[in-house]
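A.B. asks:
Number of protein chains: 2
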Amino acid sequence: MGMGGGFGRYVRDARERRRVGDPSFSLRQLAQRIGVEPSFLSKVERGEVAPPSEEKILRLARELGEDSDVLLALAGKVSMDLQVAIRKRPELFAGLIRQLKDMPDHAVLRVVREVRDGEW
Amino acid sequence: MGMGGGFGRYVRDARERRRVGDPSFSLRQLAQRIGVEPSFLSKVERGEVAPPSEEKILRLARELGEDSDVLLALAGKVSMDLQVAIRKRPELFAGLIRQLKDMPDHAVLRVVREVRDGEW
DNA sequence: CTGATTGTGTACTGTGTAGTATATAGTACA
DNA sequence: TGTACTATATACTACACAGTACACAATCAG
């Protein structure tokens, strides 16, 4: 896997899917909508360069209708707003994440749900 | 506040406290132990340059007996191991953190505790 | 056929990161 | 008095990041 953990391939596939029903999802037009040069997006999609900045990734996710956190993860990044939240209470969040990181998905999901609709 | 959100001041204060009972906490000797030039640590402590890399911050925290997550937070960073954990399950962790980020400390702490000694 | 549009190749740029190297000036002590 | 240590000032470096600018060959639509 070249640069950036499959990010490029993922974006290209998503774009080509969107393109079937909508020719405005050409590389050039999409590049213009997210605010980069076509040659740059081309290199990104082929993994010839590292994934772009968070800002461009967010615009890409919006444009393609993909989950921005997943796209950022593929790019090896973590959303700034999450980082800010963690930095505001480092001990608390660090402790929580380190406890959850080795637990299976269903356990984490249970926590998420209980927090969402629990009486906290 | 100059560069890096009070990081330098915090480090200097911690070092000077340590230094009272132990002269090996001079700027020069500490710099050598963590593996940077004295001039660089000086600039860091005075906020003249941005905080150092995560690696140096971790060694600094160890040397000074401070919480590394707090030090990293002051430097505007989030520990790599936490970022890796989040990137492995982006939707899950992103969702959880966004739900908790506006809750009061005691609520988050309750979650941490229930996860720690609960039957999950 | 032609004119527009598509994706790609090559070369270059400014800014940030994470420091080193060396010189200088003050202080403590013996 | 000198030598050993202290902090700081100044100058510089190597490399990564995040792109732009422009030329090019291929393809498709009318």
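Those protein sequence lines, which keep their order, are chains L and Y.
Residue numbers for the first sequence follow our numbering, beginning at 1 and rising by one.
Residue numbers for the second sequence follow our numbering, beginning at 1001 and rising by one.
Where a beta carbon is used, it is the ideal one built from N, C-alpha and C, also for glycine.
1. Please list, in chain order, all residues of the same chain as Y:Asp1081 whose beta carbon is under 6 Å from its beta carbon, the five residues on each side excluded.
2. With a cut-off of 8 Å on the beta carbons, I'd call Y:Glu994 and L:Asp105 a contact; round off their distance for me.
3. Quick one: Cα of L:Arg59 to Cα of Y:Asp1022, how far?
4. Whole alpha helix (DSSP H) runs in the region 1078–1109 of chain Y with 4 or more residues, listed along the chain?
5. What residues in its chain sit with their C-beta under 6 Å from that of Y:Phe1093, if we drop five residues either side in the sequence?
6. Nearest CA to the CA of L:Asp117: which residue from Y:Arg1113, Y:Leu1109, Y:Gln1099, Y:Arg1110?
7. With 8 Å as the threshold, decide whether the Cβ of Y:Val1044 is near any Cβ in chain L.
8. Between Y:Arg1116 and chain L, is there a C-beta pair that is closer than 8 Å?
9. Please identify the residue among Y:Leu1027, Y:Leu1064, Y:Ile1034 whose C-alpha is closest to the C-alpha of Y:Arg1046.
10. Have a look at Y:Ser1042 and L:Ala107 and give me their C-alpha separation to the nearest angstrom.
11. Assign L:Glu37 to one of three DSSP states: helix, strand, or coil.
12. For chain Y, is any of its Cβ atoms less than 8 Å away from the one on L:Arg89?
13. Does chain L have any CB closer than 8 Å to the CB of Y:Ser1026?
14. Just checking: is the beta-carbon of Y:Ile1057 within a distance shorter than 8 Å of some beta-carbon in chain L?
15. Give the interface partners of Y:Ala1073 over in chain L, defined as CB-CB distance under 7 Å, in chain order.
16. What does L:Ser53 reach in chain Y if we use C-beta pairs closer than 8 Å?
C.D. replies: Considering the structure as presented:
1. none
2. This structure does not reach residue 994 of chain Y, given that chain Y is present from 1001 up to 1120, and the question cannot be answered.
3. 53 Å
4. 1080–1088, 1090–1100
5. Ile1086
6. Y:Gln1099
7. no
8. yes
9. Y:Leu1027
10. 46 Å
11. coil
12. yes
13. no
14. no
15. Arg87, Pro90
16. Per Cβ cutoff of 8 Å: no residues; L:Ser53 is ~16 Å from chain Y at best.
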